[in-house]
Amino acid sequence: MLALIFLLTGTFATAQEITVAAAADMSAALPELVAAYTKKTGHAVKLSFGASGNLTNQIRNGAPFDLFFSADEEYPQQLIAEGLASKETLYRYAVGRLVLWVPSDSPLDLSKLGMNALLDPSVKKISIANPATAPYGRAAAAALRHFGIYDEVSSRLVVGENVSQAAQFVESGNVQAGLIALSHALAPAMKEKGRYWTVPLDAYPTLNQAAVVLAKSKQQDAARKFLEFLRDPEATALLTQYGFSLSAEKHSSGERVK
Amino acid sequence: MNWEAFWLTVRLAGIVSTLLIAIGIPIAYWLTYSRWRWKFLIEAAVALPIVLPPTVLGFYVLVALGSRSPLGRWWESITGHTLAFTFEGLAIGSLVYSLPFAVQPFAASFGAVDAALLRASASLGHSPVQTFRRIVLPLSKAGLVTGFALSFAHTLGEFGVVLMVGGNIPGVTRTISIDIYDQVQTANYSSANQTALLLLLISFLVLSMVYGVNRHPWVVVPWR
Chain F
10 MLALIFLLTG TFATAQEITV AAAADMSAAL PELVAAYTKK TGHAVKLSFG
60 ASGNLTNQIR NGAPFDLFFS ADEEYPQQLI AEGLASKETL YRYAVGRLVL
110 WVPSDSPLDL SKLGMNALLD PSVKKISIAN PATAPYGRAA AAALRHFGIY
160 DEVSSRLVVG ENVSQAAQFV ESGNVQAGLI ALSHALAPAM KEKGRYWTVP
210 LDAYPTLNQA AVVLAKSKQQ DAARKFLEFL RDPEATALLT QYGFSLSAEK
260 HSSGERVK
Chain H
22 MNWEAFWLTV RLAGIVSTLL IAIGIPIAYW LTYSRWRWKF LIEAAVALPI
72 VLPPTVLGFY VLVALGSRSP LGRWWESITG HTLAFTFEGL AIGSLVYSLP
122 FAVQPFAASF GAVDAALLRA SASLGHSPVQ TFRRIVLPLS KAGLVTGFAL
172 SFAHTLGEFG VVLMVGGNIP GVTRTISIDI YDQVQTANYS SANQTALLLL
222 LISFLVLSMV YGVNRHPWVV VPWR
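Protein sequences, first through last, are from chains F and H.
Numbering-wise (the numbering used here), the first sequence opens with residue 10 and increments by one.
Numbering-wise (the numbering used here), the second sequence opens with residue 22 and increments by one.
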């Protein structure tokens, strides 16, 4: 009976456990970071993914998160202004990159066409994240406007709830092209299934990836410790592997990486 | 208040519940009168969407009927597009999703018709189909209205399937429940409030109608 109660209440043994709300573009990289962190320190980290705007709204409404990873510095800044996050912990850990992704069997030559590949008649639907709540959705809309093709393709846009869903729509073959996060294109689940073209950085507002400790967290020290781990060479190496780096020019304009 | 999403949802629910009358009546007829020993398996299959998470349905529409599956390719070769992210896709998903809400009230009311009436009709030379049309259907009016109204209301409130396979396209797949979700996620509470209230009122009206047609007349007119 006692054992059952312990099973049901679960987390009593790991007092140091923290819960992280993270932008959907971290859905592949963050579990690996956490695995490395847990192996090193023994501390557990629970993850909850979503569009940064959705998570911000959940935090405003009292969601019990300790740490917030946003795909856009704007949202953490808002939370800081509202007294919901501590300013001195704000850490900009990378610049997020938007890519145009097509499945392997696509006939489109992305290196030659770039963004104009979306005008090809074989592209019937294009997935993007929801611009209202997802930074990558806003970046995608901005990039389409930058290349002057937004009006032409707007009727073919399919909107994912967050950038992971936008990636899943194109990965599953239900749409022919997607404007998604580089981190998804580099993730094992998608790496072998398609090709991508990195959208040049001047085509959309910079996606500063920023993490911040939340003011209501009862695990301030544990949350800061995990944030500290992001600066660890082991962590930065992992992040770089998923295309998250601070040197924005690493993937230069229009380069076709694969 | 997003009226485009509202009318789109009403159109979806109207089409789905009308189609379910056409599809549901034969299924309910068979479920009522068949004596097949394995009938309970079909009954379980029809009831499945009541307990199945909508995400399971969404997953199948996306993957099993997606462009990588034979069924999806067949659909694409006929219509020129995949089922996901289209109004038809939502309609097909909703047909499955709301099926038991039509079939079960239909079957219950068919089964409640006095067997003596059916025997009398047969002895007067009516075929089973004539008996069904002239005796069973008119006596099952309350069940038919209930099935129509419940599948309409159920489709109106559909969320999981639409979130997974809708793609949130204004005027095509952005239904009222998705609109509320978007409004809440962007902290636009006053708009969400209006829409939610409207949906609450409609759902209450529909259910009042269901209970209204099913009430026992002597409760209202006790001396009869």
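Even glycine gets a Cβ: it sits at the ideal position worked out from N, Cα and C.
Residue i at chain H interface by Cβ criterion, 8 Å
{"i": "F/Asn171", "result": "no"}
{"i": "F/Arg69", "result": "yes"}
{"i": "F/Thr142", "result": "yes"}
{"i": "F/Lys134", "result": "yes"}
{"i": "F/Ser113", "result": "no"}
{"i": "F/Val167", "result": "yes"}
{"i": "F/Asn139", "result": "yes"}
{"i": "F/Phe21", "result": "The predicted position of F/Phe21 is uncertain, since its pLDDT is 47 and thus under 50; a value taken from the coordinates is nonetheless stated next. Cβ-Cβ to chain H under 8 Å: no for F/Phe21."}
Beta-carbon proximity check, residue i vs residue j, cutoff 8 Å
{"i": "H/Pro121", "j": "H/Pro191", "result": "no"}
{"i": "F/Asn217", "j": "F/Glu82", "result": "yes"}
{"i": "F/Gly146", "j": "F/Ile135", "result": "no"}
{"i": "H/Ala26", "j": "H/Ile223", "result": "no"}
{"i": "H/Thr194", "j": "H/Ser38", "result": "no"}
{"i": "F/Thr207", "j": "F/Arg106", "result": "yes"}
{"i": "H/Ala105", "j": "F/Asn63", "result": "no"}
{"i": "F/Ser61", "j": "F/Thr28", "result": "no"}
{"i": "H/Ala143", "j": "H/Leu52", "result": "no"}
{"i": "F/Arg204", "j": "F/Val111", "result": "yes"}
{"i": "F/Ile158", "j": "F/Leu195", "result": "no"}
{"i": "F/Ser192", "j": "F/Ala37", "result": "yes"}
Cutoff 8 Å: residue i Cβ touching any chain C Cβ
{"i": "H/Asn189", "result": "Of the protein chains in this structure, namely F and H, none is chain C."}
Short CB-CB distance (under 8 Å) between residue i and chain F
{"i": "H/Arg140", "result": "no"}
{"i": "H/Arg94", "result": "no"}
{"i": "H/Gly168", "result": "no"}
{"i": "H/Val77", "result": "no"}
{"i": "H/Ser98", "result": "no"}
{"i": "H/Arg89", "result": "yes"}
{"i": "H/Leu29", "result": "no"}
{"i": "H/Leu83", "result": "yes"}
N- and C-terminal bounds of the beta strand (DSSP E) containing residue i
{"i": "F/Ser57", "result": "Val54 to Gly59"}
{"i": "H/Ile156", "result": "Taken as a continuous stretch (DSSP letters only), H/Ile156 belongs to no beta strand (DSSP E), as it is neither H nor E."}
{"i": "F/Tyr102", "result": "Tyr100 to Gly105"}
{"i": "F/Ile189", "result": "Ala186 to Ala190"}
{"i": "H/Gly45", "result": "Looking at the DSSP string, H/Gly45 is not in any beta strand (DSSP E); the run it does join, the alpha helix (DSSP H), is Trp24 to Tyr54."}
{"i": "F/Gly169", "result": "Leu166 to Gly169"}
Terminal residues of the alpha helix (DSSP H) in which residue i lies
{"i": "F/Ser136", "result": "No alpha helix (DSSP H) holds F/Ser136; the beta strand (DSSP E) holding it covers Ile135 to Ala138."}
{"i": "H/Gly93", "result": "Pro91 to Thr100"}
{"i": "F/Asn217", "result": "No alpha helix (DSSP H) holds F/Asn217; the beta strand (DSSP E) holding it covers Leu216 to Val222."}
{"i": "H/Tyr202", "result": "Ile197 to Gln206"}
{"i": "H/Gly110", "result": "Phe108 to Gly132"}
{"i": "H/Thr216", "result": "Tyr210 to Asn235"}
{"i": "F/Val43", "result": "Ala38 to Thr50"}
{"i": "F/Leu179", "result": "The question names Leu, but residue 179 of chain F is Val in the sequence shown. Element bounds for F/Val179: Val172 to Glu180."}
{"i": "F/Thr28", "result": "That residue, F/Thr28, is in no alpha helix (DSSP H); its beta strand (DSSP E) goes Ile27 to Ala32."}
{"i": "F/Leu247", "result": "Pro242 to Gln250"}
{"i": "H/Pro75", "result": "Pro75 to Val84"}
{"i": "F/Glu161", "result": "Tyr159 to Val162"}
{"i": "H/Ala137", "result": "Ala136 to Ser144"}
{"i": "F/Pro197", "result": "Pro197 to Lys200"}
DSSP state of residue i mapped onto helix, strand, coil
{"i": "F/Ser79", "result": "strand"}
{"i": "F/Pro209", "result": "coil"}
{"i": "F/Thr20", "result": "Low confidence applies to F/Thr20: its pLDDT is 46, below 50, so where it sits in the model is not reliable, and the reading given next is rough at best. Three-state DSSP puts F/Thr20 in a helix."}
{"i": "F/Trp110", "result": "strand"}
{"i": "H/Thr194", "result": "coil"}
{"i": "F/Ala94", "result": "strand"}
{"i": "H/Gly164", "result": "helix"}
{"i": "F/Arg233", "result": "helix"}
{"i": "H/Gly178", "result": "coil"}
{"i": "F/Arg147", "result": "helix"}
{"i": "F/Gly62", "result": "helix"}
{"i": "H/Arg58", "result": "coil"}
{"i": "F/Gly123", "result": "helix"}
{"i": "H/Ser148", "result": "coil"}
{"i": "F/Ser254", "result": "strand"}
**Asked** In chain order, what residues of the region 182–212 of chain H put their CB closer than 7 Å to some CB of chain F?
**Response** Leu184, Gly188, Asn189, Ile190, Asp203, Gln206, Thr207 and Ala208
**Prompt:** If contact means a Cβ-Cβ distance below 8 Å, which residues of the region 179–191 of chain F contact chain H?
**Reply:** Ser181, Gly182, Asn183 and Val184
**Asked** In chain order, what residues of the region 102–126 of chain H put their CB closer than 7 Å to some CB of chain F?
**Response** His102, Thr103, Ala105 and Phe106
**Request:** Please list the residues of the region 52–69 of chain F that have a C-beta atom closer than 8 Å to any C-beta atom in chain H, keeping them in chain order.
**Result:** Ala60, Gly62, Asn63, Asn66 and Arg69
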